[in-house]
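*Asks:*
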Amino acid sequence: MSIFGLSSLVTLILSLIIGIFVIWENPKSLLNRSWFFVSICASLWALGLLGVVESSDESVALKFQYLLDVSGIFIPIFFLLFTLVLLDLYKIKKNIFKTFFLFGFVLAILSFTPLFKGGVSPKFNFNFWIDPGPLYLIFPLFFSISVIFSVYLMLKKYKSLTGLKKQQVIYILLTALFGFGGGTTNFFPQLINTYPFGNFFVIFYVVAITYAIAKYRLMDIRLVISRSILYFLLILIVALTFTFITFTTGQLLEGRGEVFVTLLVSLIIVVGLDPLKKLLARLSDSFFYRGKIDYQEVLRDIGGIIASELDLHKLTERMEDSLQKEIKVRQARLYLCINHGEQYFCRTDGKEKFFNEDLVIKRLLEKKEMIITEELGRQKAELKTEEEKEEIDQLQNKLDEQKLGLVMPIMAKNKVTAVLCIGQKLSGSPFMQDEIDFFEILAPQIATALEKSKLFEEVQTAKLNLEYLVKQRTADLEERNRYLVALQGLINVITRSLDFQKVMQTIADGINTELGYIGGILNFVNPKTNTVSIGAISNTPQIQKVIALVPQDVKKYSVSLAEPGNLAMQAIVKKEIISGERMHDFFKPAIPEQLSEKIQEALGAKAVLAVPVYTEENIIGVIDFVLAKPAVEVTKVEKEMMKSLANQVGIVFRNLTLYQKIQQANIELKEANVRLQQLDKAKSEFLSIASHQLRTPLTGIKGYLSMILEGDYGPVPSGLKTIIENLSQNTDRLTRLVNIFLNVSRIESGRFELVIQEIDLIKLLEEVITEFKPDADKKNLELHLHLPAKLLPHISLDRDKIKDVVVNMIDNSIKYTPEGRIDVFVEAGENQVKVMVKDTGVGIKEGEVNSLFKKFVRGEGIAQIHTGGSGLGLYIAKNIIEAHGGKIWAESAGKGKGSAFIFTLPIH
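Here the working numbering runs 1 ahead of the position in the sequence shown, where the first position is 1.
What follows is the structure, given as structure tokens:
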């Protein structure tokens, strides 16, 4: 085989291998498929050329010539397709490709006719070479136009390309110059009768394309090629070594110990295989991955920085420097998310701010995924709308302006907390998959480191803030404590006196002596005139001197509450502290301005604070604090102290006012009590005299009426007898009423006395029953006395008063029992006797039982049943029973269910 044929064979094999590698790596990629067609056509073209020049049979050579022509026609067509895809122009110029393909297809058909070629014949040292036909010239013209158009497209696009794409295009241009330039010389023998010396450059073209694929990530098969060459060399070396050693030892040992030699060689190969593989891997990587970065080492370095650095600024600075140096990029910048009213991203030094409206930041926040500048073109090709494509163009222009190759969001809790911007690589190459994987592994570590640093920074800030707050609070507490001690001293003094004027003067003096101010003025509101005047003013030598400048007593001056220009009046009206630098603003219009300024100068006053004084919601005045410092220097604690003092003044004012009112009320009550006692005494004397005066004639009337009824004055007519009986009964009631009033008078005047004697209680009860029997019969009521089981002994008591009690109880039962019965029970115990009057009358409402024994109290609705009654009977009965050492009470199940009145008396 000739050298020319050998070069064609090498081209055939290499083109076929590279085509298979490319389509195997990514069969779905149009770029890979287009280069696969270029490679297959090149391998078929090489096969056809090899067949033509090496065949000994003309007919066979002609068939190879057909294969050579057809494959040669489609090489530039598929190279054009590859160029369009590589430059992202395929969709735009698809019709141009179709035109070239259609023309090539027609030309391929034409190649089988005599118009294209007349046959094959020997040429130079070749067995056969093409004899061109009349239309053959179209082929080299079409070939040249196709290649030149592809080169034109690459040159035109070259200016707008950056990074890897630019390097890919320039390399393709250089290799195309050698490949197509060398391949074009195959037209020389039939056109200009010149030897096709450039065919040898086609091998260089295939090798150069293979290197471009590996070096510049063209179609992403670098790893495949690298490892294929590695294992090819490994197999080749092992096979050659085994063959050489076996053959050499076989010759030397002449067939003896072949098994031993085979085992020894196998052992050497097994032991040395792994080191040999590593050695070849390093050699192949040094070629294909020259300058490759050990990203594991970079991760360890970054991890060391993260572990050792807590300061946020230093952490980001060191990480940026490390990334920039280790991965060899133009820049590495970390922007932190800041939320101060609005969200933005900036460096730790506060510079280079990026707001959410920025194209890059906006896309990161929306997609939350890495942006790789080199891949934006591919993403754009997959988009459908022009609006989306324009957005990608703007984003790419933005990244190109800033020379950024990669932008990555740093995520924490599904939120973008920072943005890592990586510049273009210094080598100009794009970011490969292992580098992308590196950044994806690095991102969570950066996020954790930033969170840790932020937490540390927050702790440090909190510590500093806490220290500052502690100092501030300590100073405030010291100041507050000083004022509280002074205020407490004032309170202790003012609470010892009830003299209003003395207390107010003590407070005014304390503003100077205790609080350390120039002085204070206590002003009080006169609600009658709606004016404000001075109640007390600090008594110091300095103030006494300025008071002497005033024409009259300062306490005689007053200012209307409605005075708009007076700041003290404004403080009262607005109920808030008001400050001013001029004393005249607090004195006008009472004190002339010139005199006010003279007073202020003499005192050395720089400010006045008017603090309103009020009790509950009522404003009672205002305190003017005269200060030797500007109002702006008055601390919050001082203002609180002033308000506290004003509150104390309000409390003291209210207490003293209440005290004065109480004192006046006590005087009035004492006078009223004396008058009441006099009236009560007069009433009691009147009742006593009236009762005595009424009882005598009533007794006489009762006696005469009894004598008439008994017939002492002759027979009484039946019509007149009823009238006389009614008169006798009413006389009895009137006598009882007089006795009631007489008893009440004696009780209230303290002249209530008991006449104790031993009596028969049963006999007394029978006597009262007999007395009320006629009244009960008139209402058809049963009235019964139930005697005790055992004999009741005589009891020591006031017979008349106990009789009044029993009479009152039975009389009430008859009055308030419409029908039914009244039972009087007597029970004797060891130490007491119990008497109960029980009826089936109107009953007593719940809640009224305890109040019936009070003076002038009657049950609800009783007045409608019986209009008479004084409401004093039960009150007197209670006093009589309790005077005997007994108890009295009432019981009832409720309204309409009857009642029972019970009393007990001790047995002595």
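Think of the CB as a built atom: it goes at the ideal place given N, C-alpha and C, for glycine as much as any other residue.
Just checking my contact of residue 13 with residue 35 at CB under 8 Å: how many whole Å lie between their CB atoms?
*Replies:* Translated into positions along the sequence shown, residue 13 becomes position 12. Translated into positions along the sequence shown, residue 35 becomes position 34. Residue 13 to residue 35, Cβ: 20 Å. No contact.
*Asks:* Between residue 748 and the rest of its own chain, which residues show a CB-CB distance below 6 Å, the 5 nearest in sequence each way excluded?
*Replies:* The residue you call residue 748 lines up with position 747 of the sequence shown. Excluding residues within five positions, the ones whose Cβ falls inside 6 Å are 880.
*Asks:* Tell me, please, whether the segment 540–548 touches the segment 505–523 by the rule of three or more beta-carbon pairs shorter than 8 Å.
*Replies:* Judged by Cβ distances under 8 Å, the segment 540–548 makes contact with the segment 505–523, as three or more pairs qualify.
*Asks:* Which one or two residues does DSSP pair with residue 833 in a beta bridge?
*Replies:* Here the question's residue 833 lines up with position 832 in the sequence shown. In the DSSP output, where bridge partners are listed per residue, residue 833 has 907.
*Asks:* When you compare each of 81, 569, 730 to residue 590 by their alpha carbons, which one comes out closest?
*Replies:* The sequence position of residue 590 within the sequence shown is 589, counting from 1. Comparing Cα-Cα distances from residue 590 to each of 81, 569, 730, the minimum goes to 569.
*Asks:* Distance check for residue 731 and residue 706, CA to CA, integer angstroms please.
*Replies:* Walking along the sequence shown from the start, residue 706 turns up at place 705. Walking along the sequence shown from the start, residue 731 turns up at place 730. Between residue 706 and residue 731, the C-alpha separation is close to 11 Å.
*Asks:* List the DSSP bridge partners of residue 122.
*Replies:* Along the sequence shown, one-based indexing puts residue 122 at 121. For residue 122, which the question treats as bridged, DSSP gives the partners 130.
*Asks:* Nearest CA to the CA of residue 808: which residue from 393, 852, 736?
*Replies:* Here residue 808 refers to the residue found at position 807 of the sequence shown. The residue with the shortest Cα to Cα distance from residue 808 is 736.
*Asks:* Indicate whether the contact test is met: 3 or more Cβ pairs, each with one atom in the segment 815–824 and one in the segment 778–795, closer than 8 Å.
*Replies:* The answer is yes - the segment 778–795 touches the segment 815–824, with three or more Cβ pairs under 8 Å.
*Asks:* For a minimum of 4 consecutive residues, which ranges assigned as the alpha helix (DSSP H) are wholly contained in the segment 544–588?
*Replies:* Complete alpha helix (DSSP H) runs here, min 4: 568–575, 585–588.
*Asks:* In terms of alpha-carbon separation, which member of 361, 334, 435 lies closest to residue 297?
*Replies:* For the purposes of this step, residue 297 is identified with residue 296 of the sequence shown, where counting begins at 1. Closest option to residue 297, Cα to Cα, is 435.
*Asks:* Go ahead and label residue 522 buried or exposed: buried means 16 or more other beta carbons lie within 10 angstroms of its beta carbon, across all protein chains shown.
*Replies:* As a working note, residue 522 is residue 521 in the sequence shown. Buried, by the Cβ-count rule.
*Asks:* Look at residue 409 and residue 432 and say whether their C-beta atoms are less than 8 Å apart.
*Replies:* The residue given as residue 409 occupies position 408 in the sequence shown. The residue given as residue 432 occupies position 431 in the sequence shown. No, they are not a contact pair.
*Asks:* How many Å lie between residue 392 and residue 417 at the Cα?
*Replies:* The sequence position of residue 392 within the sequence shown is 391, counting from 1. The sequence position of residue 417 within the sequence shown is 416, counting from 1. Going by the C-alpha atoms only, they are around 21 Å apart.
*Asks:* Could you check what DSSP says for residue 633 in three-state terms: helix, strand or coil?
*Replies:* For the purposes of this step, residue 633 is taken as the residue at position 632 of the sequence shown. Helix.
*Asks:* Could you tell me whether the segment 78–85 touches the segment 100–114, using the rule of 3 or more Cβ pairs below 8 Å?
*Replies:* With a cut-off of 8 Å, the segment 100–114 and the segment 78–85 count as touching, because enough Cβ pairs lie within range.
*Asks:* Based on the DSSP output, what are the partners of residue 337 in its beta bridges?
*Replies:* For the purposes of this step, residue 337 is taken as residue 336 along the sequence shown, with counting starting at 1. Looking at the DSSP assignment, residue 337 forms a beta bridge with 347, 419.
*Asks:* Beta carbon of residue 632, beta carbon of residue 580: below 8 Å?
*Replies:* One-based indexing of the sequence shown puts residue 632 at position 631. One-based indexing of the sequence shown puts residue 580 at position 579. Yes.
*Asks:* Taking the straight line between their C-alpha atoms, what separation do you get for residue 899 and residue 619?
*Replies:* The residue you call residue 899 lines up with position 898 of the sequence shown. The residue you call residue 619 lines up with position 618 of the sequence shown. Cα to Cα, residue 899 sits roughly 58 Å from residue 619.
*Asks:* Excluding the five sequence neighbours on either side, which residues of its own chain have a C-beta within less than 6 Å of the C-beta of residue 892, listed in chain order?
*Replies:* Your numbering for residue 892 matches position 891 in the sequence shown. So the list reads 901, once near-sequence residues are dropped.
*Asks:* Let me check one thing: in DSSP terms, what residues is residue 797 bridge-paired to?
*Replies:* Here residue 797 refers to the residue found at position 796 when the sequence shown is read from its first residue. In the DSSP output, where bridge partners are listed per residue, residue 797 has 759.
*Asks:* Tell me the rounded alpha-carbon separation between residue 905 and residue 884.
*Replies:* As a working note, residue 905 is residue 904 in the sequence shown. As a working note, residue 884 is residue 883 in the sequence shown. Answer to the nearest angstrom: the Cα atoms are 12 Å apart.
*Asks:* Among 722, 798, 733, 739, which residue has its Cα nearest to the Cα of residue 756?
*Replies:* As a position in the sequence shown, residue 756 is number 755, starting the count at 1. Checking every option, the nearest Cα to that of residue 756 belongs to 798.
*Asks:* Going along the chain, which residues of its own chain have a beta-carbon closer than 6 Å to the beta-carbon of residue 919, five neighbours each way excluded?
*Replies:* Nothing can be reported for residue 919, as the shown portion of the chain is limited to 2 through 909.
*Asks:* If you count every other CB in all the chains shown that lies within 10 Å of the CB of residue 613, and 16 or more means buried, which is it?
*Replies:* On the sequence shown, residue 613 is found 612 positions in, with the first residue counted as 1. Flag for residue 613 reads buried.
*Asks:* Can you tell me whether residue 312 is helix, strand or coil according to DSSP?
*Replies:* Translated into the one-based positions of the sequence shown, residue 312 becomes position 311. Residue 312: coil per DSSP, three-state reduction.
*Asks:* Determine, using beta carbons only, whether residue 635 and residue 646 come nearer to each other than 8 Å.
*Replies:* Within the sequence shown, residue 635 is the residue found at index 634, counting from 1. Within the sequence shown, residue 646 is the residue found at index 645, counting from 1. Not closer than 8 Å, so no.
*Asks:* Exposed or buried, which one is residue 198 when buried takes at least 16 other CB atoms within 10 Å?
*Replies:* Locating residue 198 in the sequence shown gives position 197, where the first residue counts as 1. With fewer than 16 Cβ atoms within 10 Å of its Cβ, residue 198 is classed as exposed.
*Asks:* Do you know offhand how far residue 50's Cα is from residue 113's?
*Replies:* For this step, residue 50 is matched to residue 49 along the sequence shown. For this step, residue 113 is matched to residue 112 along the sequence shown. Computed Cα separation, rounded: 16 Å.
*Asks:* Would residue 806 pass as a contact of residue 882 if the rule is Cβ separation under 8 Å?
*Replies:* Numbered from its first residue, the sequence shown carries residue 806 at position 805. Numbered from its first residue, the sequence shown carries residue 882 at position 881. The answer is yes: Cβ separation under 8 Å.
*Asks:* Taking the beta strand (DSSP E) that residue 60 falls in, what are its first and last residues?
*Replies:* As a first step, residue 60 must be located in the sequence shown, where it is residue number 59. Unbroken run through residue 60 is the alpha helix (DSSP H), 59–87; no beta strand (DSSP E).
*Asks:* Helix, strand or coil: how does DSSP classify residue 768 here?
*Replies:* By 1-based counting over the sequence shown, the position of residue 768 is 767. Residue 768: helix per DSSP, three-state reduction.
*Asks:* Assuming residue 912 contacts residue 404 under a Cβ cut-off of 8 Å, what Cβ separation, rounded to an integer in Å, is found between them?
*Replies:* With the chain running from 2 to 909 in the structure shown, residue 912 is simply not present.
*Asks:* Can you list, in chain order, the residues of its chain whose CB lies under 8 Å from that of residue 718, leaving out five sequence neighbours each side?
*Replies:* Taking the sequence shown and counting its residues from 1, the one referred to as residue 718 is at position 717. None.
*Asks:* What three-state label does DSSP hand residue 717 in the structure shown?
*Replies:* Looking up residue 717 in the sequence shown gives position 716. Three-state DSSP puts residue 717 in coil, outside helix and strand.
*Asks:* Could you give the first and the last residue of the continuous beta strand (DSSP E) run that contains residue 892?
*Replies:* Numbered from 1 along the sequence shown, position 891 holds the residue referred to as residue 892. Element bounds for residue 892: 888–892.
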